[in-house]
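Chemist: First the structure, then my questions, so here it is.
Number of protein chains: 2
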Amino acid sequence: MTAAATPDVPWVVGVDSGGSGLRVALAPAGGDGPPRTLTSREPVRTGPAGIDAGHLMQQLGPMARELIDGAGGGAVAAVAVGSAGMATLGGDLRERLPAALDGAFGTRRLALAADAVTAYAGALGQRPGAVVAAGTGLIALGTDLRSWRRADGWGHLLGDCGGGAWIGRAGLDAAMRAYDGRRGCSPALRARAEAVFDGPLNELPGKLYPRTDRPAVLASFAPEVARCAPHDPVAEGILREAARHIAEAAVAVCPSGTECEVALTGGLFKMGAPLVVPLEEELAAQLPAARVSVADGDPLDGAVVLARALAAGTLRLPHDGRMLHLP
Amino acid sequence: MTAAATPDVPWVVGVDSGGSGLRVALAPAGGDGPPRTLTSREPVRTGPAGIDAGHLMQQLGPMARELIDGAGGGAVAAVAVGSAGMATLGGDLRERLPAALDGAFGTRRLALAADAVTAYAGALGQRPGAVVAAGTGLIALGTDLRSWRRADGWGHLLGDCGGGAWIGRAGLDAAMRAYDGRRGCSPALRARAEAVFDGPLNELPGKLYPRTDRPAVLASFAPEVARCAPHDPVAEGILREAARHIAEAAVAVCPSGTECEVALTGGLFKMGAPLVVPLEEELAAQLPAARVSVADGDPLDGAVVLARALAAGTLRLPHDGRMLHLP
Numbered sequence: 001m002t003a004a005a006t007p008d009v010p011w012v013v014g015v016d017s018g019g020s021g022l023r024v025a026l027a028p029a030g031g032d033g034p035p036r037t038l039t040s041r042e043p044v045r046t047g048p049a050g051i052d053a054g055h056l057m058q059q060l061g062p063m064a065r066e067l068i069d070g071a072g073g074g075a076v077a078a079v080a081v082g083s084a085g086m087a088t089l090g091g092d093l094r095e096r097l098p099a100a101l102d103g104a105f106g107t108r109r110l111a112l113a114a115d116a117v118t119a120y121a122g123a124l125g126q127r128p129g130a131v132v133a134a135g136t137g138l139i140a141l142g143t144d145l146r147s148w149r150r151a152d153g154w155g156h157l158l159g160d161c162g163g164g165a166w167i168g169r170a171g172l173d174a175a176m177r178a179y180d181g182r183r184g185c186s187p188a189l190r191a192r193a194e195a196v197f198d199g200p201l202n203e204l205p206g207k208l209y210p211r212t213d214r215p216a217v218l219a220s221f222a223p224e225v226a227r228c229a230p231h232d233p234v235a236e237g238i239l240r241e242a243a244r245h246i247a248e249a250a251v252a253v254c255p256s257g258t259e260c261e262v263a264l265t266g267g268l269f270k271m272g273a274p275l276v277v278p279l280e281e282e283l284a285a286q287l288p289a290a291r292v293s294v295a296d297g298d299p300l301d302g303a304v305v306l307a308r309a310l311a312a313g314t315l316r317l318p319h320d321g322r323m324l325h326l327p
Numbered sequence: 001m002t003a004a005a006t007p008d009v010p011w012v013v014g015v016d017s018g019g020s021g022l023r024v025a026l027a028p029a030g031g032d033g034p035p036r037t038l039t040s041r042e043p044v045r046t047g048p049a050g051i052d053a054g055h056l057m058q059q060l061g062p063m064a065r066e067l068i069d070g071a072g073g074g075a076v077a078a079v080a081v082g083s084a085g086m087a088t089l090g091g092d093l094r095e096r097l098p099a100a101l102d103g104a105f106g107t108r109r110l111a112l113a114a115d116a117v118t119a120y121a122g123a124l125g126q127r128p129g130a131v132v133a134a135g136t137g138l139i140a141l142g143t144d145l146r147s148w149r150r151a152d153g154w155g156h157l158l159g160d161c162g163g164g165a166w167i168g169r170a171g172l173d174a175a176m177r178a179y180d181g182r183r184g185c186s187p188a189l190r191a192r193a194e195a196v197f198d199g200p201l202n203e204l205p206g207k208l209y210p211r212t213d214r215p216a217v218l219a220s221f222a223p224e225v226a227r228c229a230p231h232d233p234v235a236e237g238i239l240r241e242a243a244r245h246i247a248e249a250a251v252a253v254c255p256s257g258t259e260c261e262v263a264l265t266g267g268l269f270k271m272g273a274p275l276v277v278p279l280e281e282e283l284a285a286q287l288p289a290a291r292v293s294v295a296d297g298d299p300l301d302g303a304v305v306l307a308r309a310l311a312a313g314t315l316r317l318p319h320d321g322r323m324l325h326l327p
């Protein structure tokens, strides 16, 4: 059990809200021990006013209360909420969340962050540098602590170059080429696609296009590309091109003038060496001064970093009303 | 006015059914003059049994009757229907259309063709060769008159490499790269995208992803890529890569052993020299024995070719139950 907070050492609450649900973390404002966490599988609704502040509080209120009670009670000094779509869909949160938090926990200290910002803070804390956050999609975010720079994150039809859906789509393209005999084909990827999607590949369009989660379906094939890469030159080439795109996004956001710290975070990098080795090579070529690491902390850890800094008055990451907003 | 058919020289009916509606052509079975045509803007419905034969006949019956009456009457010797999705969604047509045509026109002579087959027949008639049909998507179809070979046509997430959506998407990727400062960017394409999509490019994802006609939206940007190509190396490079993919599809389906006739058909090639010149160069490199032409005839012309051959007993294109089916 982590140290309980006293009225002098209150709690902070970090929140990570996304397509797969809501995660809440409770941590001592002053400590650095692991937070207590709870997860809800119900994604916060998005309505005409954007991300629904009422629906968020319906879940966050009881979850945070349960965590606080489980830890022996205590006050809340600050809350940080990271969410996908915060910049464009955060209007209702900006407007209604401060009063709602005041009512529930007696604090109006709130940070509203894009999920890329919580990913950044989870990976690099409050140090300057660049973070590439990649799962189904891919976005790069960098800061010199004066302003944010963002690259890609435009979705599977306009970018997300080198992300999970991008890699999976390139792998399936190579599989289809093996099916119909075009150049650039990979018999190994064809065999894996037939196994994973359970049938001949002329049936794959009929299985993919009717679905509403097409980017996730594409991304589900990315690990197969990584699995084939050690013995299949087409798969290896796909991951090398992905690495080049990822490095390009990192270059675009790295603060200039100094040795840059580049952190890789998100589920995509769990595929390990087949992607990370060519990516380290690409970064060495495109950003020779960079120090590259795979991040330990995730966006929920980042929300806790933001909430602690807010509580302590030590927030150094730039707040600009879009990427990171203090209502 | 074309020559009226007599009971000895009856009519044939060609049909082209697709996402934008239904086109019907009436032509003398024996002649080669231009057909009379009618167009309906109502696409034939697809139901649980596939393309709805009843809905097709509801439109085709009156349209063909109007054409026949306008031409002075006469009998129908054969009907050919080309449709998108025929191979997978043609079950209801195969089952119910022969009896329906018999009731309406007194003929059971019917050819059901994939739209790629009517595109082929419209471009090359009944000669062996290869046809690339490209608009929003892209498919290549070839035959040695013994069997069909098909390449690509897998849709905007699995292929259609070099088609309209593919080119538009690559152009918008280069525009987004100019917006956020990544390598491979094109300021010219960024300017065109801001003009065409009416605003800064960080708003483009919010305009594109909610739509249901995303491939068409992407393809709408392809002409801008062609327009930029003469003075923008990134746009020029996109069209050169498109040309390489298109040539790869043609190579995969070209009948081997002889000098191959390759015809290009569909709206994509209306963009002219910026795409056609690099494509001719790619085909010269990948298929040195090919004779390349841009087709005169379209899929509706191809349906008339099939119907005439069926009426005359001179059908040479292979029928295999999928690409071309004679119920």
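Protein chains in written order, with the UniProt record's numbering: chain A, 1 to 327; chain B, 1 to 327.
Note that beta-carbon positions come from the ideal geometry of N, C-alpha and C, so glycine has one too.
From this set, Arg211/B, Gly74/B, Ala242/B, which residue's C-alpha is nearest Gly171/B's C-alpha?
Modeler: Out of Arg211/B, Gly74/B, Ala242/B, Ala242/B has the C-alpha closest to the C-alpha of Gly171/B.
Chemist: Exposed or buried, what is Thr314/A when buried is set at 16 or more other beta-carbons lying within 10 Å of its beta-carbon?
Modeler: exposed
Chemist: Tell me the rounded alpha-carbon separation between Leu324/A and Gly163/B.
Modeler: 40 Å
Chemist: Tell whether a beta-carbon distance below 7 Å holds between Leu97/A and Thr46/A.
Modeler: no
Chemist: By DSSP, does Thr143/B sit in helix, in strand, or in coil?
Modeler: strand
Chemist: Beta-carbon within less than 6 Å of Val12/A's beta-carbon, same chain only, minus the 5 sequence neighbours each way: which residues are those?
Modeler: Annotation for Val12/A: Ala27, Ala29, Ala77, Ala78, Ala307, Arg308, Ala311 place their beta carbon closer than 6 Å to its own, counting only its chain and skipping 5 residues before and after.
Chemist: Please list the partners that Leu252/A has in chain B, where partner means a Cβ-to-Cβ separation under 7 Å.
Modeler: It should be pointed out that residue 252/A corresponds to Ala in this sequence rather than to Leu. The contacting residues are Asp180, Gly181, Arg182.
Chemist: Buried or exposed for Arg23/A, going by 16 or more other Cβ atoms inside 10 Å?
Modeler: The residue in question, Arg23/A, is buried, as its Cβ has 16 or more Cβ neighbours within 10 Å.
Chemist: Are the beta-carbon atoms belonging to Ala249/B and Thr118/B less than 7 Å from one another?
Modeler: no
Chemist: Distance, Cα to Cα, Gly297/A vs Val15/A?
Modeler: 14 Å
Chemist: Going by alpha carbons, who is nearest to Gly267/B out of Ala114/B, Pro223/B, Leu201/B?
Modeler: Answer by Cα proximity: Pro223/B.
Chemist: For a contact defined as C-beta to C-beta under 8 Å, what are the partners of Gly91/A on chain B?
Modeler: Going along chain B, no residue has its Cβ under 8 Å from Gly91/A, so there is no contact; the nearest lies around 14 Å.
Chemist: Considering only residues of the same chain and omitting the five flanking positions on each side of Cys260/A, which have a CB-CB separation below 7 Å?
Modeler: Gly129, Ala130, Cys254, Leu287, Ala289, Ala290
Chemist: Take Arg192/B and list the residues in its own chain whose beta-carbon comes closer than 6 Å to its own, dropping the five residues that flank it on each side.
Modeler: Glu224
Chemist: Within 7 Å (strictly less), CB to CB, does Pro223/A reach chain B?
Modeler: no
Chemist: Assuming contact is defined by CB atoms lying nearer than 7 Å, are Leu38/A and Met63/A in contact in what I supplied?
Modeler: yes
Chemist: Roughly how many angstroms separate the alpha carbons of Asp115/B and Ala87/B, rounded to a whole number?
Modeler: 10 Å
Chemist: For the beta strand (DSSP E) containing Arg149/B, list its first residue and its last residue.
Modeler: Counting along the chain, the beta strand (DSSP E) containing Arg149/B begins and ends at 148-152.
Chemist: For the beta strand (DSSP E) that Leu38/B lies in, which residues bound it at each end?
Modeler: 36-40
Chemist: Can you find a C-beta in chain A that's less than 7 Å from the C-beta of Ala151/B?
Modeler: yes
Chemist: If I measure Cβ to Cβ from Arg240/A and keep anything under 6 Å in the same chain, skipping five residues before and after, which residues do I get?
Modeler: Pro278
Chemist: Note down, in chain order, every chain A residue with its Cβ under 9 Å from the Cβ of Ala303/B.
Modeler: Correct list: empty, because the minimum Cβ distance to chain A is about 24 Å.
Chemist: Could I get the ranges of all uninterrupted beta strand (DSSP E) runs contained in the region 55-108 of chain B, with 3 residues as the minimum, in chain order?
Modeler: 76-83
Chemist: Just to confirm my understanding: we take Leu264/B, look at its own chain, exclude 5 residues before and 5 after, and list those with CB closer than 6 Å. What are they?
Modeler: Val132, Val294
Chemist: Can you tell me the Cα-Cα spacing of Gly153/B and Gly137/B, whole angstroms?
Modeler: 6 Å
Chemist: Using only the alpha-carbon positions, how far apart do Phe221/A and Gly19/A sit?
Modeler: 20 Å
Chemist: Using the C-alpha atoms, what's the distance from Val292/A back to Glu282/A?
Modeler: 11 Å
Chemist: Could you please tell me which residues of the region 224-248 of chain A, in chain order, have their CB closer than 7 Å to any CB of chain B?
Modeler: Glu248
Chemist: What is the DSSP secondary structure of Glu261/B, reduced to helix, strand or coil?
Modeler: Glu261/B carries a strand assignment under DSSP once its states are collapsed to helix, strand and coil.
Chemist: Please specify which runs of the alpha helix (DSSP H), each continuous and at least 4 residues long, are wholly inside the region 219-267 of chain B, giving them in chain order.
Modeler: 222-228, 233-253
Chemist: Report the CB separation of Glu74/B from Glu42/B in whole angstroms; it is logged as a contact under 8 Å.
Modeler: What sits at residue 74/B in the sequence shown is Gly, not Glu. The pair is not a contact, with the Cβ atoms about 27 Å apart (cut-off 8 Å).
Chemist: For chain B, find out if any of its Cβ atoms is closer than 7 Å to the Cβ of Gly142/A; answer yes or no.
Modeler: no
Chemist: May I ask which residues mark the beginning and end of the beta strand (DSSP E) holding Asp16/B?
Modeler: 11-18
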